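A.B. asks:
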């Protein structure tokens, strides 16, 4: 059967990914991949400066009697030679650009110096692109489903829980007749800050985690009683990123203080509700930055009264027409919380 070349498929997929920034889970839907940039753009409206896909070279500090404070953020730049017309010429001279910072500097946890790292826990992901079997048409028969594999599950040999998110073409993440499967697990490598100790543990635990994702893929999609029912994997990519890793957010292992106006955002841990966690992390950051503000009416993403009234009207209509039990909403929330707890990596 004719199938499009992988290069065509990849271009089609990437063209619909839009912006996924540095999200560990490159989900092509317009979900958590847009949240970080939305916060940055909102910050810029109120006078903030953000670096998108560009890491600072250093942060200069001032030591005062009240402690250590970040003063400037240094980023790399270039100044073209006088004969350079368009830019990018090998003769460019590298320079530094200095951005003053008075209120706050927000940085990702994985950009901290090694002295601030307390663990080597890594998030391990595998993205598989598969073609559905000809005999069963749509393959899984559903637009999206989440599969949770508990720890130490049979022949998978997984130390931690594995989350599998399966999406088909109805979500515009792949062409018709294909689907995308995202596998996620956690590798707890070690808790030592000694690099020589960490290296051996990291390699061993990381290899085990990668092998468990391969075993899960083989069990779920790549094995079938009949060859006609087996989906064909066209491409897969496995990678890992460090998560957490900040000792206590204020001091390094040798006691060096973090500047008081530098706020660290740890990379989100394994979760099926990354959107909720992203908003909660942003809320904590907001509270930290405005804690010294004289105004006490500041609220993170405050809802307008007009929107509140609209939601109240919808809730009243819902309760009158369909909901006989006033505690039904709470019961649904309890059931959801219980399900999420069972799916937790820990």
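Residue numbers (the numbering used here): 338 to 683. Even for Gly, the Cβ is constructed at its ideal location relative to N, Cα and C. Computed from a predicted model, the values in this text were never measured in an experiment.
Could you say which of 486, 482, 492 and 493 lies nearest to residue 507 if we only look at CA atoms?
C.D. replies: Nearest of 486, 482, 492 and 493 to residue 507, Cα basis: 482.
A.B. asks: Kindly give me the distance between the Cβ atoms of residue 458 and residue 523, rounded to whole angstroms, as I take these residues to be in contact under 8 angstroms.
C.D. replies: 6 angstroms between Cβ atoms; contact.
A.B. asks: Does DSSP put residue 384 in a helix, a strand or coil?
C.D. replies: DSSP places residue 384 in coil when its eight states are reduced to three.
A.B. asks: If we count Cβ pairs, one from each stretch, closer than 8 angstroms, do we get three or more for the stretch 638–654 versus the stretch 482–497?
C.D. replies: Flag = no, the stretch 638–654 and the stretch 482–497 do not touch.
A.B. asks: Buried or exposed for residue 436, going by 16 or more other Cβ atoms inside 10 Å?
C.D. replies: It counts as exposed.
A.B. asks: Compare the Cα-Cα distances from residue 519 to each of 496, 573, 543 and 492 and report the closest residue.
C.D. replies: It is 573 whose Cα lies nearest to the Cα of residue 519.
A.B. asks: Do residue 598 and residue 441 have their beta-carbon atoms positioned less than 7 angstroms apart in this structure?
C.D. replies: The answer is yes: Cβ separation under 7 angstroms.
A.B. asks: Between the C-alpha atoms of residue 434 and residue 403, what's the straight-line distance to the nearest angstrom?
C.D. replies: C-alpha separation (whole angstroms): 27 angstroms.
A.B. asks: Assuming residue 501 contacts residue 510 (C-beta within less than 8 angstroms), just tell me the rounded distance between them.
C.D. replies: With a Cβ gap of about 15 angstroms, residue 501 and residue 510 do not count as contacting.
A.B. asks: Return the first residue and the last residue of the beta strand (DSSP E) that residue 578 is part of.
C.D. replies: From DSSP, the beta strand (DSSP E) with residue 578 extends over 569–579.
A.B. asks: Using a Cβ-Cβ cut-off of 8 angstroms (strictly less than) and excluding sequence neighbours within five positions of residue 513, which residues of its own chain qualify?
C.D. replies: Hits under 8 angstroms: 506.
A.B. asks: What's the gap between the Cα of residue 620 and the Cα of residue 635?
C.D. replies: Taking the straight line from one Cα to the other gives about 11 angstroms.
A.B. asks: Name the residue from 624, 615 and 491 whose alpha carbon lies nearest to the alpha carbon of residue 375.
C.D. replies: The shortest Cα separation from residue 375 among 624, 615 and 491 belongs to 615.
A.B. asks: Give a yes or no on whether the C-beta atoms belonging to residue 570 and residue 490 are separated by under 7 angstroms.
C.D. replies: Not in contact: residue 570 and residue 490 (Cβ atoms no closer than 7 angstroms).
A.B. asks: If you draw a straight line from the alpha carbon of residue 698 to that of residue 654, how long is it in whole angstroms?
C.D. replies: The first residue shown for the chain is 338 and the last is 683, placing residue 698 beyond what the model contains.
A.B. asks: Could you tell me the alpha carbon to alpha carbon distance between residue 394 and residue 567, rounded to whole angstroms?
C.D. replies: Near 49 angstroms, if we compare the C-alpha coordinates of residue 567 and residue 394.
A.B. asks: For residue 643, which of helix, strand or coil comes out of DSSP?
C.D. replies: In this structure, residue 643 counts as helix in the three-state DSSP scheme.
A.B. asks: Do you know how far the Cα of residue 461 is from the Cα of residue 549?
C.D. replies: In a straight line, the C-alpha of residue 549 is about 10 angstroms away from that of residue 461.
A.B. asks: Taking the alpha-carbon of residue 554 as reference, which of 396, 411, 406 and 467 has the nearest alpha-carbon?
C.D. replies: Residue 554 has its Cα closest to that of 467, out of 396, 411, 406 and 467.
A.B. asks: Could you give the residue range of the beta strand (DSSP E) that holds residue 494?
C.D. replies: Element bounds for residue 494: n/a, residue is neither H nor E.
A.B. asks: Between the Cα of residue 626 and the Cα atoms of 602, 646 and 546, which residue gives the shortest distance?
C.D. replies: The shortest C-alpha separation from residue 626 is found at 602.
A.B. asks: Hey, residue 398 and residue 405 are a contact pair by Cβ (cut 8 angstroms); roughly how many whole angstroms apart?
C.D. replies: Going by Cβ atoms, the distance from residue 398 to residue 405 rounds to 5 angstroms, so yes, they are a contact pair.
A.B. asks: Roughly how many angstroms separate the alpha carbons of residue 367 and residue 547, rounded to a whole number?
C.D. replies: Here residue 367 scores only 41 on pLDDT, less than 50, and its place in the model is too uncertain to base an answer on.
A.B. asks: From residue 645 to residue 623, what does the alpha carbon distance come to, in whole angstroms?
C.D. replies: Looking at the two C-alpha atoms, the distance is approximately 22 angstroms.
A.B. asks: Excluding the 5 residues preceding and the 5 following residue 658 in the sequence, name in chain order all residues of the same chain whose CB lies nearer than 8 angstroms to its CB.
C.D. replies: Low confidence applies to residue 658: its pLDDT is 44, below 50, so where it sits in the model is not reliable enough to give any reading.
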